[in-house]
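**Student:**
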Amino acid sequence: MASEELYAPIGNEVELCYQTFGDPDDEPLLLVMGLSGPMTWWDQVFCEQLADAGFHVVRYDNRDTGRSSRIAAPVRHDQLLRAFATGRAQTPYSMSDLAVDAVSLLDHLGIESAHLVGVSMGGMIAQTVAIEHPSRVRSLTSISSTTGRRTVGWQHPSLLPRLIAPRRPGRDAYVESSIAMWAVIGSVGYPTEDEALRSRALETFDRGVSTSGVLRQMLAILTQPDRTQRLRSLRVPALVLHGTADKMVHVSGGRATAAAIPGAELVLVDGMGHDLPPGLFETFVEAIRRTADRA
8 MASEELYAPI GNEVELCYQT FGDPDDEPLL LVMGLSGPMT WWDQVFCEQL ADAGFHVVRY
68 DNRDTGRSSR IAAPVRHDQL LRAFATGRAQ TPYSMSDLAV DAVSLLDHLG IESAHLVGVS
128 MGGMIAQTVA IEHPSRVRSL TSISSTTGRR TVGWQHPSLL PRLIAPRRPG RDAYVESSIA
188 MWAVIGSVGY PTEDEALRSR ALETFDRGVS TSGVLRQMLA ILTQPDRTQR LRSLRVPALV
248 LHGTADKMVH VSGGRATAAA IPGAELVLVD GMGHDLPPGL FETFVEAIRR TADRA
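The opening position of the sequence shown corresponds to residue 8 in the working numbering, with each subsequent residue numbered one higher.
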(Lines of atoms letter the chains of each structure in order from A and count residues from 1; the text may use other names and numbers.)
(Lines give C-alpha, C1' and ligand atoms only; values in the text may rest on other atoms or scores of the structure.)
Protein backbone atom coordinates (compact mmCIF):
# COMPACT_ATOMS: atom_id res chain seq x y z
CA MET A 1 0.00 0.00 0.00
CA ALA A 2 2.92 2.38 0.58
CA SER A 3 5.00 4.01 -2.12
CA GLU A 4 8.71 4.61 -1.90
CA GLU A 5 9.82 7.96 -0.53
CA LEU A 6 9.60 10.34 -3.47
CA TYR A 7 10.60 13.95 -4.15
CA ALA A 8 8.62 16.91 -5.45
CA PRO A 9 10.51 20.00 -6.70
CA ILE A 10 8.06 22.79 -5.90
CA GLY A 11 10.04 25.92 -6.79
CA ASN A 12 12.15 28.48 -4.94
CA GLU A 13 14.84 25.82 -4.58
CA VAL A 14 12.56 23.79 -2.28
CA GLU A 15 12.10 20.05 -2.74
CA LEU A 16 9.68 18.09 -0.56
CA CYS A 17 10.05 14.44 0.32
CA TYR A 18 6.72 12.60 0.37
CA GLN A 19 5.11 9.16 0.45
CA THR A 20 1.66 7.85 -0.45
CA PHE A 21 -0.58 5.08 0.88
CA GLY A 22 -3.59 3.39 -0.65
CA ASP A 23 -5.40 3.56 -3.98
CA PRO A 24 -4.73 6.72 -6.06
CA ASP A 25 -8.38 6.57 -7.19
CA ASP A 26 -9.60 7.04 -3.59
CA GLU A 27 -10.25 10.43 -2.00
CA PRO A 28 -6.97 12.35 -1.58
CA LEU A 29 -5.98 13.19 1.98
CA LEU A 30 -2.91 15.29 2.83
CA LEU A 31 -1.27 14.88 6.24
CA VAL A 32 0.66 17.93 7.49
CA MET A 33 3.05 17.43 10.41
CA GLY A 34 4.06 19.92 13.09
CA LEU A 35 7.18 21.61 14.42
CA SER A 36 10.39 19.65 13.73
CA GLY A 37 8.40 16.54 12.86
CA PRO A 38 9.17 14.48 9.76
CA MET A 39 6.38 12.74 7.90
CA THR A 40 7.18 9.48 9.72
CA TRP A 41 5.63 10.96 12.86
CA TRP A 42 2.39 10.12 11.07
CA ASP A 43 2.63 6.49 12.10
CA GLN A 44 2.57 4.03 9.19
CA VAL A 45 -0.20 2.00 10.88
CA PHE A 46 -2.29 5.17 11.14
CA CYS A 47 -1.69 5.94 7.45
CA GLU A 48 -2.70 2.40 6.52
CA GLN A 49 -5.88 2.68 8.59
CA LEU A 50 -6.77 5.90 6.79
CA ALA A 51 -6.16 4.15 3.47
CA ASP A 52 -8.43 1.31 4.58
CA ALA A 53 -11.08 3.96 5.31
CA GLY A 54 -11.10 5.00 1.64
CA PHE A 55 -8.40 7.66 1.41
CA HIS A 56 -5.38 8.03 -0.84
CA VAL A 57 -3.02 9.27 1.86
CA VAL A 58 -0.09 11.61 1.25
CA ARG A 59 2.38 12.44 4.01
CA TYR A 60 5.41 14.69 3.55
CA ASP A 61 8.35 16.35 5.26
CA ASN A 62 7.88 20.10 5.65
CA ARG A 63 10.79 22.21 4.49
CA ASP A 64 13.60 22.10 7.08
CA THR A 65 12.62 18.62 8.30
CA GLY A 66 13.44 15.06 7.35
CA ARG A 67 14.63 14.68 3.78
CA SER A 68 13.11 17.89 2.42
CA SER A 69 15.15 20.98 1.57
CA ARG A 70 16.96 23.05 4.17
CA ILE A 71 16.65 26.83 3.98
CA ALA A 72 19.92 28.79 4.19
CA ALA A 73 19.02 31.38 6.82
CA PRO A 74 20.48 31.37 10.34
CA VAL A 75 18.30 32.35 13.30
CA ARG A 76 19.59 34.05 16.45
CA HIS A 77 18.09 33.31 19.85
CA ASP A 78 17.40 37.02 20.42
CA GLN A 79 15.20 36.92 17.30
CA LEU A 80 13.22 34.07 18.83
CA LEU A 81 12.85 35.81 22.17
CA ARG A 82 11.67 39.02 20.47
CA ALA A 83 9.16 37.04 18.40
CA PHE A 84 7.94 35.22 21.53
CA ALA A 85 7.49 38.51 23.39
CA THR A 86 6.00 40.63 20.60
CA GLY A 87 4.87 38.34 17.78
CA ARG A 88 7.04 40.34 15.40
CA ALA A 89 10.40 39.54 13.81
CA GLN A 90 12.01 39.10 10.43
CA THR A 91 11.48 35.53 9.30
CA PRO A 92 13.01 33.37 6.52
CA TYR A 93 9.49 32.19 5.67
CA SER A 94 5.94 32.52 6.95
CA MET A 95 2.96 30.30 7.62
CA SER A 96 1.63 31.37 4.21
CA ASP A 97 4.84 30.10 2.58
CA LEU A 98 4.40 26.73 4.30
CA ALA A 99 0.80 26.66 3.05
CA VAL A 100 2.04 27.28 -0.51
CA ASP A 101 4.38 24.30 -0.06
CA ALA A 102 1.37 22.08 0.68
CA VAL A 103 -0.58 23.40 -2.31
CA SER A 104 2.47 23.02 -4.57
CA LEU A 105 2.78 19.37 -3.52
CA LEU A 106 -0.87 18.85 -4.53
CA ASP A 107 -0.03 20.49 -7.87
CA HIS A 108 2.92 18.15 -8.34
CA LEU A 109 0.65 15.16 -7.69
CA GLY A 110 -2.08 16.45 -10.01
CA ILE A 111 -4.56 16.70 -7.13
CA GLU A 112 -7.13 19.46 -7.59
CA SER A 113 -8.41 19.35 -4.00
CA ALA A 114 -7.85 17.17 -0.94
CA HIS A 115 -8.97 16.54 2.61
CA LEU A 116 -6.42 18.26 4.87
CA VAL A 117 -5.35 16.93 8.25
CA GLY A 118 -2.76 18.91 10.20
CA VAL A 119 -1.35 18.53 13.70
CA SER A 120 0.12 21.38 15.78
CA MET A 121 2.06 23.60 13.31
CA GLY A 122 0.57 21.37 10.62
CA GLY A 123 -2.88 22.43 11.81
CA MET A 124 -1.84 26.06 11.41
CA ILE A 125 -0.63 25.30 7.89
CA ALA A 126 -3.84 23.44 7.02
CA GLN A 127 -5.98 26.31 8.35
CA THR A 128 -3.93 28.75 6.26
CA VAL A 129 -4.42 26.63 3.13
CA ALA A 130 -8.18 26.59 3.77
CA ILE A 131 -8.22 30.39 4.14
CA GLU A 132 -5.85 31.36 1.32
CA HIS A 133 -6.52 28.49 -1.14
CA PRO A 134 -10.11 27.44 -0.35
CA SER A 135 -10.73 25.67 -3.66
CA ARG A 136 -8.00 23.14 -2.78
CA VAL A 137 -9.64 21.92 0.45
CA ARG A 138 -12.46 19.37 0.63
CA SER A 139 -12.48 19.15 4.43
CA LEU A 140 -10.27 20.39 7.25
CA THR A 141 -9.12 18.55 10.36
CA SER A 142 -7.08 20.58 12.84
CA ILE A 143 -5.42 18.57 15.62
CA SER A 144 -3.69 20.01 18.71
CA SER A 145 -3.49 23.41 17.06
CA THR A 146 -4.71 26.99 17.43
CA THR A 147 -5.87 30.10 15.58
CA GLY A 148 -2.70 32.16 15.94
CA ARG A 149 -4.36 34.39 18.52
CA ARG A 150 -1.82 34.96 21.28
CA THR A 151 -4.35 34.73 24.11
CA VAL A 152 -5.28 31.11 23.32
CA GLY A 153 -3.33 27.92 22.68
CA TRP A 154 -0.38 29.02 24.77
CA GLN A 155 2.55 26.83 25.71
CA HIS A 156 3.17 25.80 29.29
CA PRO A 157 5.84 28.22 30.56
CA SER A 158 8.20 25.37 31.41
CA LEU A 159 8.56 24.42 27.73
CA LEU A 160 10.22 27.50 26.23
CA PRO A 161 13.64 26.90 27.87
CA ARG A 162 13.55 23.35 26.54
CA LEU A 163 12.67 24.52 23.03
CA ILE A 164 15.39 27.15 22.69
CA ALA A 165 18.13 25.48 24.75
CA PRO A 166 21.34 24.73 22.79
CA ARG A 167 21.30 21.17 21.50
CA ARG A 168 24.15 18.82 22.28
CA PRO A 169 25.40 17.29 19.05
CA GLY A 170 25.16 13.63 18.17
CA ARG A 171 22.67 10.83 17.79
CA ASP A 172 22.62 9.72 21.43
CA ALA A 173 22.09 13.26 22.70
CA TYR A 174 19.18 13.77 20.29
CA VAL A 175 17.52 10.54 21.39
CA GLU A 176 17.94 11.41 25.06
CA SER A 177 16.48 14.90 24.68
CA SER A 178 13.63 13.62 22.51
CA ILE A 179 12.55 11.03 25.08
CA ALA A 180 12.73 13.67 27.82
CA MET A 181 10.55 16.08 25.82
CA TRP A 182 7.88 13.52 24.98
CA ALA A 183 7.77 12.52 28.64
CA VAL A 184 6.64 16.09 29.34
CA ILE A 185 4.26 16.75 26.44
CA GLY A 186 2.96 13.24 25.67
CA SER A 187 -0.45 11.83 26.54
CA VAL A 188 -0.71 11.01 30.24
CA GLY A 189 -3.81 8.94 29.54
CA TYR A 190 -2.22 7.07 26.62
CA PRO A 191 1.46 6.71 27.55
CA THR A 192 4.02 5.56 25.00
CA GLU A 193 6.75 3.19 26.15
CA ASP A 194 10.30 4.53 26.22
CA GLU A 195 11.42 1.90 23.72
CA ALA A 196 8.89 3.14 21.16
CA LEU A 197 9.99 6.73 21.78
CA ARG A 198 13.62 5.68 21.38
CA SER A 199 12.90 3.90 18.11
CA ARG A 200 11.09 6.94 16.71
CA ALA A 201 13.87 9.30 17.80
CA LEU A 202 16.51 7.12 16.15
CA GLU A 203 14.54 7.03 12.91
CA THR A 204 13.98 10.79 13.06
CA PHE A 205 17.67 11.51 13.56
CA ASP A 206 18.73 9.14 10.81
CA ARG A 207 16.30 10.73 8.32
CA GLY A 208 17.78 14.14 9.02
CA VAL A 209 17.52 16.69 11.82
CA SER A 210 18.18 20.43 11.46
CA THR A 211 18.49 22.46 14.66
CA SER A 212 18.46 25.72 12.68
CA GLY A 213 15.45 24.45 10.74
CA VAL A 214 13.50 24.01 13.98
CA LEU A 215 14.27 27.63 14.88
CA ARG A 216 13.08 28.85 11.47
CA GLN A 217 9.82 26.95 11.90
CA MET A 218 9.43 28.37 15.40
CA LEU A 219 9.79 31.89 13.98
CA ALA A 220 7.01 31.15 11.49
CA ILE A 221 4.79 29.98 14.35
CA LEU A 222 5.57 32.88 16.70
CA THR A 223 4.93 35.50 13.99
CA GLN A 224 1.81 33.97 12.47
CA PRO A 225 -1.24 36.23 12.23
CA ASP A 226 -4.44 35.77 14.19
CA ARG A 227 -6.65 33.81 11.78
CA THR A 228 -9.84 34.05 13.87
CA GLN A 229 -11.79 36.43 11.64
CA ARG A 230 -10.71 34.75 8.41
CA LEU A 231 -11.62 31.33 9.80
CA ARG A 232 -15.18 32.61 10.20
CA SER A 233 -15.38 32.88 6.41
CA LEU A 234 -14.70 29.17 5.82
CA ARG A 235 -17.46 27.07 4.29
CA VAL A 236 -15.87 23.65 4.52
CA PRO A 237 -16.59 20.65 6.77
CA ALA A 238 -14.22 20.98 9.71
CA LEU A 239 -13.13 18.87 12.66
CA VAL A 240 -11.08 20.10 15.61
CA LEU A 241 -9.39 17.46 17.78
CA HIS A 242 -7.55 18.44 20.95
CA GLY A 243 -6.30 16.80 24.11
CA THR A 244 -7.26 18.25 27.47
CA ALA A 245 -3.75 17.46 28.78
CA ASP A 246 -1.85 19.26 25.99
CA LYS A 247 1.06 21.32 27.39
CA MET A 248 2.48 22.41 24.04
CA VAL A 249 -0.75 23.99 22.73
CA HIS A 250 -3.30 24.63 25.46
CA VAL A 251 -6.75 23.23 24.79
CA SER A 252 -8.08 26.79 24.55
CA GLY A 253 -6.49 26.85 21.08
CA GLY A 254 -8.68 23.99 19.93
CA ARG A 255 -11.79 25.48 21.47
CA ALA A 256 -11.09 28.83 19.78
CA THR A 257 -10.51 27.15 16.41
CA ALA A 258 -13.80 25.25 16.58
CA ALA A 259 -15.66 28.38 17.70
CA ALA A 260 -14.28 30.36 14.76
CA ILE A 261 -15.10 27.89 11.95
CA PRO A 262 -18.83 27.75 11.16
CA GLY A 263 -20.24 24.28 11.78
CA ALA A 264 -16.96 22.78 13.03
CA GLU A 265 -17.13 19.68 15.19
CA LEU A 266 -15.04 19.85 18.37
CA VAL A 267 -13.73 16.61 19.88
CA LEU A 268 -11.86 16.94 23.18
CA VAL A 269 -10.00 13.87 24.42
CA ASP A 270 -9.30 13.50 28.12
CA GLY A 271 -5.74 12.42 28.89
CA MET A 272 -4.44 13.26 25.42
CA GLY A 273 -1.34 15.44 25.24
CA HIS A 274 0.58 16.77 22.26
CA ASP A 275 1.07 13.49 20.44
CA LEU A 276 -0.85 10.95 18.35
CA PRO A 277 -0.98 7.83 20.56
CA PRO A 278 -1.84 4.51 18.88
CA GLY A 279 -4.64 3.98 21.37
CA LEU A 280 -6.52 6.83 19.68
CA PHE A 281 -5.92 5.88 16.02
CA GLU A 282 -9.38 4.39 15.63
CA THR A 283 -10.98 7.48 17.16
CA PHE A 284 -9.04 9.76 14.82
CA VAL A 285 -9.79 7.73 11.69
CA GLU A 286 -13.51 7.54 12.42
CA ALA A 287 -13.71 11.29 13.08
CA ILE A 288 -11.71 12.18 9.93
CA ARG A 289 -13.87 9.86 7.83
CA ARG A 290 -17.03 11.37 9.34
CA THR A 291 -15.82 14.87 8.49
CA ALA A 292 -14.83 13.91 4.94
CA ASP A 293 -18.27 12.39 4.40
CA ARG A 294 -19.82 15.78 5.16
CA ALA A 295 -18.06 17.10 2.07
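All residues carry an ideal CB built from backbone N, CA and C; glycine is no exception.
Check for me: the beta strand (DSSP E) holding S146 runs from which residue to which?
**Tutor:** S146 -> beta strand (DSSP E) spans 144-150.
**Student:** Starting from F62, follow its DSSP beta bridges and name the residues at the other end.
**Tutor:** The partner list for F62 (beta bridge, DSSP) reads E34.
**Student:** Considering only C-alpha positions, which residue in the set R237, V221, A294 is nearest to S76?
**Tutor:** Of R237, V221, A294, the residue nearest in Cα terms is V221.
**Student:** Of the choices M102, E34, Q26, whose alpha-carbon is the least far from that of D233?
**Tutor:** Selected option, being the one with the closest Cα: M102.
**Student:** Do you know how far the Cα of P35 is from the Cα of A302?
**Tutor:** Roughly 13 Å separates the two Cα atoms.
**Student:** Might you give, ordered along the chain, the residues of its own chain that have their beta carbon closer than 6 Å to the beta carbon of W189, omitting 5 neighbours on each side?
**Tutor:** So the list reads L204, once near-sequence residues are dropped.
**Student:** Quick one: Cα of L275 to Cα of T211, how far?
**Tutor:** Rounded to the nearest angstrom, the two C-alpha atoms are 28 Å apart.
**Student:** Can you check which of these residues, L37, H281, P81, is closest to Y100 by C-alpha distance?
**Tutor:** Among L37, H281, P81, the Cα nearest to that of Y100 is on P81.
**Student:** If we ignore side chains and look at the alpha-carbon of each, how far apart do L142 and S120 end up?
**Tutor:** For the sequence presented, residue 142 should be read as Ser rather than Leu. Answer to the nearest angstrom: the Cα atoms are 7 Å apart.
**Student:** Please report the Cβ distance between V307 and S146, rounded to the nearest whole angstrom; I am assuming they are in contact, meaning their Cβ atoms lie under 8 Å.
**Tutor:** This structure leaves residue 307 out entirely; the chain is present only between 8 and 302.
**Student:** Check whether the region 286-301 touches the region 51-60, counting contact only when three or more Cβ pairs, one atom from each stretch, lie closer than 8 Å.
**Tutor:** Touching, per the Cβ criterion.
**Student:** Can you say whether Q97 is buried or exposed, counting buried as having 16 or more other CB atoms within 10 angstroms of its CB?
**Tutor:** Exposed.
**Student:** Exposed or buried, which one is A265 when buried takes at least 16 other CB atoms within 10 Å?
**Tutor:** Buried is the call here.
**Student:** For P31 and L113, what's the separation of their Cα atoms in angstroms?
**Tutor:** In a straight line, the C-alpha of P31 is about 13 Å away from that of L113.
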